[in-house]
Each structure stands twice: as C-alpha cells, then as structure tokens.
Amino acid sequence: MITVLAAKSGRTAGAAVQMSGRWLLTCAHVVNEALGLPLESVAEPADAWVDVAFAALPGTGRRRARVRHWIPRRAAEPGALGWLADLAVLELRDDPPSGARPPAWRNMVAGQHLVAWYGTGQEYSYAKVDVGSCDGPLGYLDGTLAGAALGPGYSGGPLCLPDGTAVGLVVAHLPAPAGPFSPGDVIRRGIAIPWQAVRAELAAAGVPDRVMSALTAAPPAPYGHLVARMAQPLAVLLGDPVLRADRAGQLAELHGLDRPRDGSAPAYQELAAFLLRHPRGTADFAEIHAPTLTTRAGRAALDELVGLAHGEGAALLLSAGEHHELLEHLGGRCDADRTLLPRATQGALPYARLPAVLRASRLPSGALDEAVRALESFGGDSARVPYDTPRVPALLRVVEYVAALHTNGADLPALRAWNDRVARRLGIPGAALAERRQDAAEWAARQREGHQRTVVVELDRREGDPDHHFRCALWRTRADGTPARVETGPDRALPAAVIARLVRQAADGGEGDTALVEVWVDDAQLQLPVDEWDGADPGDGLAAPLGEEHHVVLRCKAVRRNASALARRWADRALAEPLVVDGRATDPKSAIVRLKQDRDCGRVVIHGPRGHRDTVLRACLVLGVPVVLWDRNADGYDHAPRLDPVGPAGPLDGLHERVRRFRVDAYADPAKYPARPALVWEDPERQLPDGLWLADPEGTEA
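Residues are numbered in this note's numbering as their position in the sequence shown, beginning at 1, plus a constant of 338.
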C-alpha cells in the first residue's frame, strides 16, 4: 500500500500500488485531489509531482513521484453505462525502499472475496467486499455490513484476494441516499477497475514494454477454489471413468505426454488442475468433447467449465489446433497486406481500446501471433445474441471482417469454415455468427465505396510554440459515421513530419482505399502546405506526402459563421457555374460583387498574386462559399494555366481525385508541375467533433 498525499494539507488524497521498480499506479482523480484540482479534470497535469509514502514500510519517509502516463476518465461507447479508465502512472524520482514489493495480479471475476485498505494502510482500516459484477470496464462491489466501508481515501488502492494477489483498483463508491434509511436503498456499493481493464488501458496508453513485462502475473496453478469449481462441470461431462480416461489420454498426447499405461482415469480435481496449467488446455478439451454433446445439460456444463477458466484469465480462447490453423489462414494474407488485420479489427471493434499492435495502420513484421493473442483476450463483441447463449468473441467477429475484405480469395471458404467450427465448439448459434457475417459484408461494401473513412485534423498554435510546430487533435470516423478520437500523445506542439505520420496512420487503409483528410485551421493558416507534409516512417527511404495518398482538404472555422449562406451555396454547388477569378473578366473587386449578387454560387477558383488571392479568399469565407480552389505557388494571373490539369471548372464530384492525381505528378516533377493546389471543402453537414470525454459520470469519487 502506498499513500498519495495532498500537496497543500499533507493529508491522504488516496492510495497507489507499486507496478515495478519506480513505477506506481493510481487513479487520475487521486492525482487531481493531491494537486488541488477538480476531481473530474481530464487535462493532463504537465510536469506534475506528487508526494507519496510507502505505508507498509514506516520510517522510509516521503518520496516524490512524477506523472508519466495520464489516462483520465472518459465516456464509454454511446448508450453504455459507466465510464472507462481513470488511471495515472507515476514514476518515483528515487528508488523505492528496499522492502517494497509489487503484488502479483490476476483477473477480477464475479464472486471473489476481496479486501481493500485506506490510503494510509493501517491494518484496522480494511474493508471487505465481494465482486458482484465485472463484465466490462468496471467492477461493482458489495461491502459486508460489518467493519469499514469503502469511502474517500480508498481510491487508487489495490483490491486483494486473501493470498495477497491484486485483482483491480478501488475507483469510487456510491453513497447512501439522503434522508431516512429504506430497506430498498443501495448501501456499501463500491466501484472498481478490474485488472483486465487496467492492463488493457496501460498497454493502449503506451506504458513502456519494460514496465508491462515486469508486472507479475499470479501463477496459473493451483488456483485453489477454481480447481474445485471446475471439478463440478467435469463431473457432469465425464462421469463415466472410461470416458474420463480417454479424454485425459487425448489431452496428454496433445501436450506431448504419454497416456497412463494402466488406463486409469484421473480425479476431477487432477484433470481441472491439468487444464489450468496449460493456457490452451481448456479449449483443447472443449474441442475434443463438444462434438459428442447430445444434451442441454452437457452443453451447459461445458459452457460453465470454459467460462470459469476464461473468467480467471487461466485459459486462452482457442485450442492449440485452432490457433495454428488460424495463423496458417492469416499468415499469407497479412504478409501480402500489412494493413489487413488492423483495418478489419478497427472496423469490427470501433469502440474497443485496442492494443498498440492493432492501433497502427500496418501490422509489424512477425507480430501476427501477438495480435491474435491480444484479440483472444477480448471478451464478447458487445452485439446481441439469442437469449441464454454465449456471447460472440471479438476474435470471431474480426475474422469475419477479414474474410469480407477478401471475398475473391481462394481460401475464403476455409477461413469461414474455421470460424463456423470454433463457433459451434463454443455453443454460439449459427444465427449470431450469420449476423456478424452480414455486418462484415455491409462494412466491406462501404469500404469499396467513395470515402470509407474521414480523418479530421485540427491544427492550432499557442504563444511560445516553436516555429513550424502545431498542436494537433485527430478524429477518425467509424463505419456508422460517429467520430472516434485518435491518440496523439501529450498536449504539445509537434513538427509537421510527426503530425503527418499520425495522420497517415489514422487515414491509411490499404490498396485502393483513399481517405478524406479534413484539416481544420484558422484563417491565418489556410496557406499551410499540409498536403506536402511527409508522413513516411523513419527509414522508409521513400517520401509519402499526405496529398499523394489521400484527399487532403482544408476546412476553416470562419466560413461556418455564415451558416445560412453556406447551406444555400452548398445545396447548389453542383448546379451553379463556378466563379473563376482570372484577372481579366473578373478581378478581386468584381469577384466580390459577383459573389454578393449570385447567392447560389458554391465554387470559386482564385488565380493571381498572393495579395489578390487573400482578398478574394477572405470574401469567400465571409460569404459562405463552400468550395474554393487556388494555387499556393502562383505569383500572378499569368500562372493560371498551371492549374489546368486539375480541371478547376470540371465536374465537382471528381475534384478531390483530380487534385490528388495532380499532386502525385507535382511531387514527382516539381519543375514540370509547379502549381500547388489548395482546396477548401466545407460541407455544412459535417461538424468538427467534440472531444469524446465524459465529464462527471454519475457516482461519487471514493
């Protein structure tokens, strides 16, 4: 137990737990409390230090710790209850006391009997709780009616099993309602972040591998009470000693062991312990036994067995054979198209916080097994299933999305047959898998149409930021059109190349898949050559300007101020003739008059020197013109022909692609194609998404 102290008063703000070495884990709102900030603040406390004390080691004094990873509370997916995260990772300035030892960790499951302590760690402050539910990012705890209850000062501390293994962090409690007590009132209800959710958040936040790998996992055996609990469904499934001996022999051979020569049957507890010692043992048994089931009782017993092992994190989803076969199916495809698995995963699980290996646009070489194992650790895909049937694992949904992207593949039937077999083994109805298959087909069809994804980039600068550096916020639209915030790291000004790589990772979708990249800027930044920013990874050896791969357009907040004019001009943008400012028939002054007269004009092409262009551009923004095209490099009206290959007055629906193709030519041969087209494209139906954070979720901080 580690005490987190308030900076001003020196009193207990909450608790923390040692991860490894100098690294500590607590709740974000505990750090806010220690710094005197509002508990619900999501802004990262840059360069913040807090005082901590190792409560279990008296006499070791206070130590200073710095906030290194900030994972504040944020909204869950639309319609879901609760929230996600509320975590902070601290790093001690000095080494911890010699007696400090991090706990071992295990997944939280319903029914566990746990103990928490107040932040100061006094032995008498223990509060006993039971896990009522933890099927998601939060766990709900019920305290006993004797002894202490969870309350202020417990947050950030570990929840421990009787053997000292930690299974999560205390994060909040629900206070009793005001007024007289009623038997129907909820009392002593606490909220926790389960270890499985903590682990996923830390990995997604980029906590260094050396820290993650040092986290001690509780040994998979003997699992004490779990062995006895798993013995019960095994007794239903293998009551016949002959059958039990045969199944045990098959499992032994699968794991490179010899069958017992005397043909004896193991005890149920012995067989359960064997399954728990081998991460794929439970799935191996289910794969062998599921085809022989003929009764509902047998199916229910097998589901119970698998659920117990999975709930404790003691079993992987796939059997050894299923795992090997899936890698065979995916290996060649993922080698040929490194974007395939990340694309399919992001499409199949748009609301999930994915591990780093699947958040990137391309799967790193040799990382397929790591990615599959990460997907195995996910629970159900959150979509509906028939009543009283198992949830569809996220991995099976992702496989359907991979298959949907390769409808012409020769091995497509084999991949879908693999999915069907695993689903049957898990007891998943065919209708549930068919629904995921239909979802995948519809998603893949959208991928083949127009802009499958839109990436929104907001660029900003603050006083003191280095030249040519910008603060960047990113969103990527999901298949349903809702925006998803993309992680860009701490709030600081970044150079153009770093921003370009972030945009490219968010926008990249593979061969033939061109994203729309909308860059939101202020009036003064409309001349930024964002389309020329190089998004290539270091060491690629080949430049990758954003405008080569994707349709890069500008959006400006100023044009939206005249909302009614913008909506009217947008509606008629393809019908009205474009206004071309060429310095002959139309100069800046007459162009502005024309725009005021022609209230339906939705497209303007601006030629001429920079000063004239800026004058007309400002007028276009004020008057609500949604589509404006100009050449950033033009010095005069005589440079107008440089834009001719773009077809400035051609069909509007192909303008994005004509600009992109011209940019490819221009980057390859700047002397032959000196123009640098800039395109404002302001669709009034598309808004800049708000930050997707939930302020003050219901519940009282502990």
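Note that CB positions come from ideal geometry on N, CA and C, so glycine has one too.
- A distance of 9 Å or more separates the beta carbons of Leu961 and Ala909.
- Secondary structure at Ala909: helix, using DSSP grouped into helix, strand and coil.
- In the three-state DSSP reduction, Trp781 falls in the helix class (H, G or I).
- According to the DSSP assignment, His661 belongs to the alpha helix (DSSP H) that extends over 658-674.
- CA-to-CA, the gap between Gly877 and Val897 works out to about 40 Å.
- Sixteen is the threshold: when 16 or more other Cβ atoms of the shown chains lie within 10 Å of the Cβ of Glu886, as they do, the residue is buried.
- Put simply, the region 795-811 touches the region 851-864. At least three CB pairs are less than 8 Å apart.
- Counting other Cβ atoms within 10 Å of its Cβ, Leu880 stays below 16 and is therefore classed as exposed.
- Contact check between the region 751-761 and the region 672-687: fewer than three CB pairs, one atom from each, fall below 8 Å, which does not count as touching.
- The three-state secondary structure of Ile837, taken from DSSP, is helix.
- With respect to the C-alpha of Leu764, the residue from Val644, Pro989, His950 having the closest C-alpha is Val644.
- Here Cys365 is near Ser493, since their CB atoms are less than 9 Å apart.
- Residue pairing by DSSP puts Ser358 in a beta bridge opposite Trp361.
- Of the candidates Arg567, Pro496, Pro500, Ala530, the residue whose Cα lies closest to the Cα of Leu512 is Ala530.
- Taking 3 residues as the shortest admissible run, the region 1001-1025 contains the following complete beta strand (DSSP E) segments, listed from N- to C-terminal end: 1015-1019.
- Counting along the chain, the unbroken alpha helix (DSSP H) around Ala624 starts and ends at 619-627.
- In the structure shown, Gly457 falls within a coil segment according to DSSP collapsed to helix, strand and coil.
- For Lys934, the enclosing alpha helix (DSSP H) starts and ends at 926-935.
- Taken atom to atom, the span from the alpha-carbon of Gly491 to that of Thr852 is near 51 Å.
- Going by DSSP, Gly949 is part of the alpha helix (DSSP H) stretching over 948-960.
- Under the DSSP assignment, Trp968 falls in the beta strand (DSSP E) whose first and last residues are 965-969.
- Under DSSP, Phe392 shares a beta bridge with Ile340.
- Between Pro964 and Gly985 a beta carbon distance of about 18 Å is seen, past the 8 Å cut, so the two are scored as non-contacting.
- A straight line joining the alpha-carbon of Gln843 with that of Arg937 spans about 40 Å.
- In terms of Cβ geometry, Leu395 and Pro435 form a close pair [threshold 9 Å].
- Taking C-alpha positions only, Arg582 is separated from Thr630 by approximately 13 Å.
- In the structure shown, Arg567 falls within a helical segment according to DSSP collapsed to helix, strand and coil.
- Ranked by Cα distance from Asp424, the options Val368, Pro867, Ile626, Ala1016 are led by Val368.
- With contacts defined as CB atoms closer than 9 Å, Leu955 and Ile944 qualify as a contacting pair.
- Below 8 Å, enough C-beta pairs join the region 1009-1018 and the region 968-979 to call them touching: three or more.
- For Thr341 and Leu743, the gap between their C-alpha atoms comes out near 51 Å.
- For Trp756, the enclosing alpha helix (DSSP H) begins and ends at 750-764.
- One alpha carbon belongs to Asp846, the other to Ala384, and they sit about 31 Å apart.
- A straight-line Cα-Cα distance of about 15 Å links Gly988 and Arg980.
- In the three-state reduction of the DSSP assignment, Glu915 falls in the coil class.
- For Gly352, the beta-bridge partners assigned by DSSP are Val342.
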